[in-house]
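Enquirer: Okay, so the sequence shown: first residue is 1 according to UniProt numbering, each after it adds one.
Note that the Cβ used here is the ideal one computed from N, Cα and C, for glycine as well.
Take this structure first; my questions come after.
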Amino acid sequence: MPDEALLSELCSLCYAETPKYRCPRCKTRTCSLPCYKKHQQRASCNGKRDPAEYLKKRELATPAGIDRDYNYLKSVERDIEHANKDSKDRGITARLSKVARRNLIEDSNFQKYLIEHNIEVQPAPRGMSRQKSNQTRTTNKNNTLWTVEWIDVAGVSNLRHDCMGSESIRDLHTAAKRALRQAEKRGRTGDAAKAPLSKKRRSQQKAPETMTASKLPGDSVVDADQSRISDAAKPGADEPSPAAVSEQPVAQANTAKQSSGTVQRADENHHFYLLKPATAVSSKVLVPLDAQLSLTETLRGQTVLEYPTIYVLSHAPNALPTGFMLEEQYTQLRKREDDELREAMRKADENGVPDRADAGPSSAKVDPNKILDMLKRDISR
């Protein structure tokens, strides 16, 4: 090796030899296995290629780019096979509930309902929380009760299992909010009932019992009962005044009108969106919904993962917050990316990209369309 070699041309660890190896993850060049091990310890590098690493578009339509994607898909396939084998060896099975097994029958009422209304339900992997929480079912009267997940703008989820398919989205959301408030109220009441009483409260509760137990000489229980009966027999003892009686229904009616008006105004300010599953973007893809339509009509022609997830936002479709995008925008984005990828592959074929036929018998020419279809199937899972 010439003495005047630059340091940048030598091993980045020992600076003594010419580098022979390159780290798949951070591209650090080393000359030997000991130097590579030192690099992993110093940089806390695992040496595994990052599948989410950013690549330029011109690097995708190359043999190396296709090999990278193919190896990643094969690694995912191997992990799934190993997980299935491990679960069988350990005796771990994800049993389906009775309702889930009934829904999977081809000629069941639920399957007929899905076919009639063109609704696609993608099953989640068995044992996952979403698969376990699904209680969608059909009743004896052939009504469909959906499990629906309601999510507000803050990300708070409210799961309901009694959403009738024939009811409107607005009515179902109102019922879900009412049930949530009642559950919170019951929770607060239960906590208050379980809370221990203070000494002062206990003494106040014991005081009436002591006064009742201590009677004057000559008094009897019969006399006490007679006095209570005579007090109750007095006219107007426990009866409210006529003015109070006439005011109570009016007050209750006003309260009911105010509460219903508040709920109606709140619902009018809400916009409902159906979450589109299995998308290839980091943003959540939403489908705008008509709150007046029934849940069944809303899901017509749509795809859901086990059960619908509906976002309730105060933003209109043309002003969605960060992290959300409409289905129309997502479709245009995917179409543009597919066109760019096909154009890049076409240019690569025209430029005569070598297919590395001399690398071995297994290095046959790759069909770009097959690779593209395989990637689409993997993303849509």
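1) Which of helix, strand or coil does DSSP assign to P317?
2) Measuring alpha carbon to alpha carbon, tell me which residue in S166, L159, W146 is nearest R178.
3) Hey, how far is the Cα of H173 from the Cα of I105?
4) Between the segment 121–136 and the segment 302–317, do three or more beta carbon pairs fall short of 8 Å?
5) Evaluate C163 with the Cβ neighbour count: other Cβ atoms within 10 Å of its Cβ, from every protein chain shown; 16 or more gives buried, anything less gives exposed.
6) Between F110 and the ligand HEM, is there a pair consisting of the residue's CB and a ligand heavy atom that are separated by less than 8 Å?
7) When the cut-off is 9 Å and only beta carbons count, does D290 lie next to chain D?
8) Between the segment 9–20 and the segment 28–37, do three or more beta carbon pairs fall short of 8 Å?
9) Within this structure, are the beta carbons of L275 and L320 separated by less than 9 Å?
10) Hey, could you find the ends of the beta strand (DSSP E) V285 is sitting in?
11) Just to confirm the assignment: which complete beta strand (DSSP E) runs, minimum length 3, are found wholly within the segment 99–158?
12) What is the rounded straight-line gap between the Cα of T62 and the Cα of Y311?
13) Of all the options A176, N369, E59, V153, which has the alpha carbon lying nearest to the alpha carbon of H315?
14) Grab me the residues of T147's own chain with a C-beta within less than 6 Å of its C-beta, minus the 5 sequence neighbours each way, in chain order.
15) Just reading off the alpha helix (DSSP H) that Y72 is part of, what are its end residues?
16) For L7 and C35, what's the separation of their Cα atoms in angstroms?
17) In this structure, does DSSP put S44 in helix, strand or coil?
18) Name the two residues that bound the continuous beta strand (DSSP E) containing L333.
19) Taking 8 Å as the limit between beta carbons, can you name the residues of its chain near H39, skipping five residues before and five after?
20) Who are the near neighbours of residue 428 in its chain, counting only those whose CB is closer than 7 Å to its CB and skipping five residues on each side?
21) Are the Cβ atoms of H117 and T309 separated by less than 9 Å?
22) Across which residues does DSSP place C163 in a beta bridge pair?
23) Can you tell me where the beta strand (DSSP E) with T303 in it begins and where it stops?
24) Among D86, T138, I115, which residue has its Cα nearest to the Cα of K98?
25) When the Cα atoms are used, what is the spatial distance from L10 to I80?
26) State the start and end residues of the unbroken beta strand (DSSP E) segment that holds L295.
27) Is K48 closer than 9 Å to R25 when the C-beta atoms are compared?
Expert: Quick look at the numbers:
1) By one-based count along the sequence shown, residue 317 stands at place 317. For P317, the three-state secondary structure derived from DSSP is helix.
2) Within the sequence shown, residue 178 is the residue found at index 178, counting from 1. Of the candidates S166, L159, W146, the one whose C-alpha sits nearest the C-alpha of R178 is L159.
3) For the purposes of this step, residue 173 is taken as residue 173 along the sequence shown, with counting starting at 1. For the purposes of this step, residue 105 is taken as residue 105 along the sequence shown, with counting starting at 1. If you take the alpha carbons of H173 and I105, they lie about 30 Å apart.
4) The answer is yes - the segment 302–317 touches the segment 121–136, with three or more Cβ pairs under 8 Å.
5) The residue labelled residue 163 in the question sits at position 163 within the sequence shown. With 16 or more other Cβ atoms within 10 Å, it is buried.
6) Judged by which ligands are present, the structure shown has none, so any question about the ligand HEM falls away.
7) No chain D is part of this structure, which consists of one protein chain only.
8) Touching, yes.
9) By one-based count along the sequence shown, residue 275 stands at place 275. By one-based count along the sequence shown, residue 320 stands at place 320. No, these two residues do not count as a Cβ contact at 9 Å.
10) Counting from 1 along the sequence shown, the entry for residue 285 is found at position 285. Looking at the DSSP string, the run of the beta strand (DSSP E) that includes V285 is 284–288.
11) You should have 120–122, 144–152.
12) Here residue 62 refers to the residue found at position 62 of the sequence shown. Here residue 311 refers to the residue found at position 311 of the sequence shown. Between T62 and Y311, the C-alpha separation is close to 41 Å.
13) Taking the first residue of the sequence shown as position 1, residue 315 is located at position 315. Among A176, N369, E59, V153, the Cα nearest to that of H315 is on V153.
14) By one-based count along the sequence shown, residue 147 stands at place 147. Sequence-distant Cβ neighbours of T147 in its own chain, meaning closer than 6 Å and more than five residues away, are N134, Q135, T136, H161, Y307.
15) Your numbering for residue 72 matches position 72 in the sequence shown. Element bounds for Y72: 63–89.
16) Residue numbering aside, residue 7 sits at position 7 when the sequence shown is read from its first letter. Residue numbering aside, residue 35 sits at position 35 when the sequence shown is read from its first letter. Spanning the two alpha carbons is a distance of roughly 16 Å.
17) Counting from 1 along the sequence shown, the entry for residue 44 is found at position 44. Reduced to three states, the DSSP call for S44 is coil.
18) Here the question's residue 333 lines up with position 333 in the sequence shown. Run containing L333: none in the beta strand (DSSP E); it sits in the alpha helix (DSSP H), 327–350.
19) Numbered from its first residue, the sequence shown carries residue 39 at position 39. Only S12, L13, C23, T28, T30, C45 meet the Cβ criterion.
20) Residue coverage of the chain in this structure runs from 1 to 381, which leaves residue 428 outside it and unanswerable.
21) As a working note, residue 117 is residue 117 in the sequence shown. As a working note, residue 309 is residue 309 in the sequence shown. For H117 and T309, no; Cβs fall outside 9 Å.
22) Taking the first residue of the sequence shown as position 1, residue 163 is located at position 163. In the DSSP output, where bridge partners are listed per residue, C163 has W146.
23) Taking the first residue of the sequence shown as position 1, residue 303 is located at position 303. Segment 303–305, the beta strand (DSSP E) holding T303.
24) Here residue 98 refers to the residue found at position 98 when the sequence shown is read from its first residue. Of the listed residues, the one whose Cα sits closest to K98 is T138.
25) For the purposes of this step, residue 10 is taken as the residue at position 10 of the sequence shown. For the purposes of this step, residue 80 is taken as the residue at position 80 of the sequence shown. Computed Cα separation, rounded: 41 Å.
26) Reading the sequence shown from its first residue, position 295 is the one you call residue 295. Where L295 is concerned, there is no enclosing beta strand (DSSP E), although the alpha helix (DSSP H) it sits in stretches over 295–299.
27) For this step, residue 25 is matched to residue 25 along the sequence shown. For this step, residue 48 is matched to residue 48 along the sequence shown. K48 is positioned such that its CB atom lies closer than 9 Å to that of R25.
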